[in-house]
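Chemist: Note that the UniProt record's numbering gives residue 316 to position 316 of the sequence shown, counting from 1, and the numbers run on in steps of one.
Where a beta carbon is used, it is the ideal one built from N, C-alpha and C, also for glycine.
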Amino acid sequence: MPPPVVTVLLPARNAERTVTRAVESLLEGTLREIRVLAVDDGSTDGTRAVLEGLAARDTRVEVLEGGGRGLVAALNLALSHATSPYVARMDADDEALPRRLEASLAALEADPSLGGVGTGVELFREDQPVSPSMRDYAAWLNGLTTPERLHRERFVESPICHPSVCLRREAVVAAGGWEHGDFPEDYDLWLKLIHRGHRMHNLPEVLFRWRDSTERLTRTDPRYAHKRFIWVKARYLARSREVAGRPLTVWGTGPGGLILTRFLLAEGARVKRFIDVHPRKVGTLIHGIPVDAPESLGAPPEDTHLIAAVGVRGIRDEIRATLTALGWLEGVHFTCAA
1 MPPPVVTVLL PARNAERTVT RAVESLLEGT LREIRVLAVD DGSTDGTRAV LEGLAARDTR
61 VEVLEGGGRG LVAALNLALS HATSPYVARM DADDEALPRR LEASLAALEA DPSLGGVGTG
121 VELFREDQPV SPSMRDYAAW LNGLTTPERL HRERFVESPI CHPSVCLRRE AVVAAGGWEH
181 GDFPEDYDLW LKLIHRGHRM HNLPEVLFRW RDSTERLTRT DPRYAHKRFI WVKARYLARS
241 REVAGRPLTV WGTGPGGLIL TRFLLAEGAR VKRFIDVHPR KVGTLIHGIP VDAPESLGAP
301 PEDTHLIAAV GVRGIRDEIR ATLTALGWLE GVHFTCAA
């Protein structure tokens, strides 16, 4: 076999029912020069035997022992064994469509400024319909098809489906790989890569079938709780080019806005006022910070930055429209973070 141009990092734990299809979907793809590093992360079912059977049938598959140390350790173990210029992710219960890796590689080869690309995703479940919130999230992801759009939206939510991504290996290694902690490791890596100057976006073509299940780590692991996502946002928002060193206005005094504010303050940011539409809040102080109405906003400020942090569906677009009508520029005068 020719040397691989893409190495797929595939952790698996107790996935004997689904991992065969996950691996085979990669091996059947149009890009042949791949290597699949499957990490058995402490499985207690037949996952190891399934992986070894796949490796026996195709030399592009190699099985590593993860020792049950968790997803981040498994990913970094596989990354340490990769030698190809590109690394891709895969989960043991998803399915890659045939052109996934070929199209991802073509995009990265065509634009050296890209640190990585995700793909359009199709959600599926076998037991019940996909939840409306996940459908909305997938639709939002599938719209982030340019680096400019993804950069603008990067603090709204995690902007790339983790198992769909293909990355420049050197960029990931230089960033320290996936970081272990009580926060979502994928969102942290995307923001870290962007902060280091790499651009990212999602391919417009749906090339990945993403399983939505009640057992997903995002639903069962406290590292993926909403509060931990907000902490990651604050960590990079406070040091971003748009925000660093400027006094801040936070639009939104609901739970999300207040949590974000608390984390921003802990990062050394200065929040000088809130904006809120609730008449009982306007004119009061919250944590010593005054609350003003949107009507108090005028021409774009020279020395401050506004962060929109209202998580109610549809409000983000309303805030954008209000600020744009006043002449504010997103990414210059304001950033959406919910």
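Hey, Ser25 and Glu102 are a contact pair by Cβ (cut 8 angstroms); roughly how many whole angstroms apart?
Modeler: Incorrect: roughly 13 angstroms between the Cβ atoms, too far for contact.
Chemist: Which residue comes first and which comes last in the alpha helix (DSSP H) that contains Val50?
Modeler: Looking at the DSSP string, the run of the alpha helix (DSSP H) that includes Val50 is 47–57.
Chemist: For the 8 angstroms Cβ check, are there 3 or more pairs between the region 181–193 and the region 265–274?
Modeler: No, because fewer than three Cβ pairs between the region 181–193 and the region 265–274 fall closer than 8 angstroms, the two stretches do not touch.
Chemist: I'd like to confirm the pairing. Which residues does DSSP put opposite Ala96 in its beta bridges?
Modeler: Phe208.
Chemist: Among Glu126, Arg152, Thr119, Gly256, which residue has its Cα nearest to the Cα of Ala225?
Modeler: It is Gly256.
Chemist: Between the Cα of Leu144 and the Cα atoms of Cys166, Arg168, Ser131, Thr119, which residue gives the shortest distance?
Modeler: Of the candidates Cys166, Arg168, Ser131, Thr119, the one whose C-alpha sits nearest the C-alpha of Leu144 is Thr119.
Chemist: Using a 10 Å radius around the Cβ and a threshold of 16 neighbouring Cβ atoms, would you call Trp328 buried or exposed?
Modeler: Buried, because 16 or more other Cβ atoms sit within 10 Å of the Cβ of Trp328.
Chemist: Write down every uninterrupted run of the alpha helix (DSSP H) in the region 139–226 whose length is 4 residues or greater and which is fully enclosed by it, in chain order.
Modeler: List check, alpha helix (DSSP H) in window: 147–153, 169–174, 185–195, 217–220.
Chemist: Is it buried or exposed for Trp251, if we count other Cβ within 10 angstroms and need 16 for buried?
Modeler: So Trp251 ends up on the buried side.
Chemist: What do you get for Pro159, buried or exposed, if any count of 16 or more other CB atoms within 10 angstroms of its CB means buried?
Modeler: So Pro159 ends up on the buried side.
Chemist: Grab me the residues of Arg149's own chain with a C-beta within less than 6 angstroms of its C-beta, minus the 5 sequence neighbours each way, in chain order.
Modeler: Nothing meets the Cβ criterion.
Chemist: State the beta-bridge partners of Glu62 as determined by DSSP.
Modeler: Answer is Leu37, bridged to Glu62.
Chemist: Just the C-alpha distance for Asp127 and Arg135, rounded to the nearest angstrom, thanks.
Modeler: Approximately 16 angstroms between the Cα atoms of the pair.
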